[in-house]
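For the sequence shown, position 231 (counting from the first letter as 1) is numbered 230 according to numbering that gives the first Met the number 0, and the numbering increases by one without interruption. Cβ atoms here follow ideal geometry from the backbone N, Cα and C, with glycine treated the same way. Data first, discussion second: the structure below is written as structure tokens.
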Amino acid sequence: MSVSLSGRNFLKLLDFTPEEIRYLLDLSADLKAKKRAGEAHRYLEGKNVALIFEKTSTRTRCAFEVGAADLGMHAVYLDPSASQIGKKESIADTARVLGRMFDGIEYRGFGQERVEELAEYAGVPVWNGLTTEFHPTQMIADVLTMEEEFGRDGMRGRKVTFMGDAGNNVGNSLMVVCAKLGIDFTACGPAEQMPDAELVKTCRAIAAETGSTITLTADVAEGATGASVIYTDIWVSMGESSDLWGERIRLLSPYQVNAELMARAEDDAIFMHCLPSFHDRKTTIGEEVYQKFGLAELEVTDEVFEGPRSRVFDEAENRLHSIKAVMYATLR
Ligand code: CP
Ligand code: NVA
Numbered sequence: 000m001s002v003s004l005s006g007r008n009f010l011k012l013l014d015f016t017p018e019e020i021r022y023l024l025d026l027s028a029d030l031k032a033k034k035r036a037g038e039a040h041r042y043l044e045g046k047n048v049a050l051i052f053e054k055t056s057t058r059t060r061c062a063f064e065v066g067a068a069d070l071g072m073h074a075v076y077l078d079p080s081a082s083q084i085g086k087k088e089s090i091a092d093t094a095r096v097l098g099r100m101f102d103g104i105e106y107r108g109f110g111q112e113r114v115e116e117l118a119e120y121a122g123v124p125v126w127n128g129l130t131t132e133f134h135p136t137q138m139i140a141d142v143l144t145m146e147e148e149f150g151r152d153g154m155r156g157r158k159v160t161f162m163g164d165a166g167n168n169v170g171n172s173l174m175v176v177c178a179k180l181g182i183d184f185t186a187c188g189p190a191e192q193m194p195d196a197e198l199v200k201t202c203r204a205i206a207a208e209t210g211s212t213i214t215l216t217a218d219v220a221e222g223a224t225g226a227s228v229i230y231t232d233i234w235v236s237m238g239e240s241s242d243l244w245g246e247r248i249r250l251l252s253p254y255q256v257n258a259e260l261m262a263r264a265e266d267d268a269i270f271m272h273c274l275p276s277f278h279d280r281k282t283t284i285g286e287e288v289y290q291k292f293g294l295a296e297l298e299v300t301d302e303v304f305e306g307p308r309s310r311v312f313d314e315a316e317n318r319l320h321s322i323k324a325v326m327y328a329t330l331r
């Protein structure tokens with residue numbers, strides 16, 4: 000049966016079947032090959048997309064803008080501080096206005112309910128560019144990156160471990176995509192930072208159908224041993240208070256991805272991170288945290304980040320190809 004996502008929203012991966020996710024992965028690989036070959040793919044010539052960012056971004060914004068241009072579309076970036084969204088106009092009203100002018104709308108912001116509401120009223124496909132709960136476009140790029148290493152469908156039966164703040168948007172989404180695709184997933188971190196119990200239950204039910212497992216552990220040795228992928232993310236996410244740094248450092252330092260931790264994983268294991276990352280003092284926040292807490296490297300050491308097993312920049316590039324696939328699949 001052929002898959003069509005035409006006219007669909009892309010709000011969270013729980014809404015998609017394994018076959019639909021497979022379709023997006025294959026489309027991403029195909030668009031990547033075309034881009035590499037310099038083969039034009041202006042399939043959506045004349046369409047227009049709106050990009051709403053209530054939180055900052057480098058990768059996601061650039062992937063949507065460059066992806067839209069490659070597909071022949073025009074993209075309009077909306078900075079909430081310079082638009083009416085939220086202050087003078089509700090999400091529902093904004094959705095109905097933008098839906099009259101644009102063929103698709105990307106939203107990055109706070110609660111998942113906001114992007115769901117936008118989609119309810121827009122009448123055109125809405126794409127989640129990150130919410131507090133989920134980061135679904137990131138996952139298509141991530142599995143594509145894993146498959147470039149281990150082969151198409153080569154992740155089935157392998158173990159992917161998220162180290163640290165496992166209950167954040169990226170940890171949650173990684174658990175969902177692994178369950179959907181039959182990949183064994185381990186969330187390794189302190190009990191305080193684990194994914195929501197309801198979401199774990201949902202993912203375990205999905206994993207039971209796809210023949211994979213969902214494991215939660217506070218034990219680093221258990222989390223890292225046998226893993227083909229060690230994944231981590233920053234310890235304080237956008238929208239969270241900077242006052243949390245002290246507590247998060249206390250809770251999450253044992254889960255820092257360093258050479259010793261990587262040595263516990265499989266010999267061919269790769270390191271992944273959605274980025275941005277605090278692996279040195281070359282950022283304002285990295286330096287502030289160093290001055291306050293004396294830690295120069297946070298969720299990952301510079302050695303691992305820059306090391307031979309790191310795939311973080313392939314992963315970042317794949318954001319472009321996968322976001323392009325999501326736009327093309329839903330607008331074609
Ligand atoms: N990984 C990711 O979403 O990066 P940006 O915040 O730069 O978009
Ligand atoms: N968990 C991070 C992901 C950034 C891409 C955040 O929400 O800030």
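In this structure, the C-beta of Ser321 stays at least 6 Å away from each heavy atom of the ligand NVA.
Per DSSP, Leu143 is one residue of the alpha helix (DSSP H) stretching across 135 to 149. Distance from the C-beta of Met271 to the nearest heavy atom of the ligand NVA is not below 6 Å. Not one heavy atom of the ligand NVA sits closer than 6 Å to the Cβ of Asp279. Secondary structure note for Lys158: it is in no alpha helix (DSSP H), and the uninterrupted beta strand (DSSP E) holding it is 158 to 162. A distance of 7 Å or more separates the beta carbons of Gly85 and Glu105. For Asp183, the enclosing beta strand (DSSP E) has its first and last residue at 183 to 187. For Gly110, the closest alpha carbon among the candidates Arg99, Asn168, Thr136 is that of Asn168.
When the beta-carbon positions are compared, Thr185 and Asn317 stay at least 7 Å from each other. Sixteen is the threshold: since fewer than 16 other Cβ atoms of the shown chains lie within 10 Å of the Cβ of Ala36, the residue is exposed. DSSP, reduced to helix, strand and coil, places Glu265 outside both helices and strands of the structure shown, so it counts as coil. Thr283 carries a helical assignment under DSSP once its states are collapsed to helix, strand and coil. Not one heavy atom of the ligand NVA falls within 6 Å of the beta-carbon of Val114. Per the C-alpha coordinates, the member of Val176, Lys323, Thr329, Arg331 positioned closest to Asp29 is Lys323. By the 16-neighbour rule on beta-carbons within 10 angstroms, Asp232 is buried.
Asn47 and Pro253 have their alpha carbons spaced roughly 46 Å apart.
Put simply, of Lys33, Gly188, Asp242 the residue whose alpha carbon is nearest the alpha carbon of Ala217 is Gly188. In this structure the stretch 138 to 153 lies against the stretch 306 to 313, because at least three pairs of beta carbons, one per stretch, are closer than 8 Å. Excluding its 5 nearest sequence neighbours in each direction, Leu243 has C-beta neighbours in its own chain below 6 Å: Val235, listed in chain order.
Membership of Glu38 in any beta strand (DSSP E) is not indicated, and neither H nor E is assigned to it by DSSP.
By the Cβ rule, the stretch 86 to 99 does not count as touching the stretch 56 to 67, because fewer than three pairs are nearer than 8 Å.
DSSP places Phe101 outside both helix and strand once states are collapsed to three, so it counts as coil. Not one heavy atom of the ligand CP lies closer than 6 Å to the C-beta of Thr144. The C-beta separation of Asp279 from Glu259 comes to about 19 Å, leaving the pair out of contact by the 8 Å criterion.
A contact between stretches requires three or more CB pairs, one per stretch, nearer than 8 Å, and the stretch 91 to 98 meets this requirement with the stretch 113 to 132. Only residues of its own chain outside the window of five on either side were considered, and among them Gly188, Thr231, Leu251, Tyr254, Glu298 have a CB closer than 6 Å to the CB of Gly163, listed in chain order.
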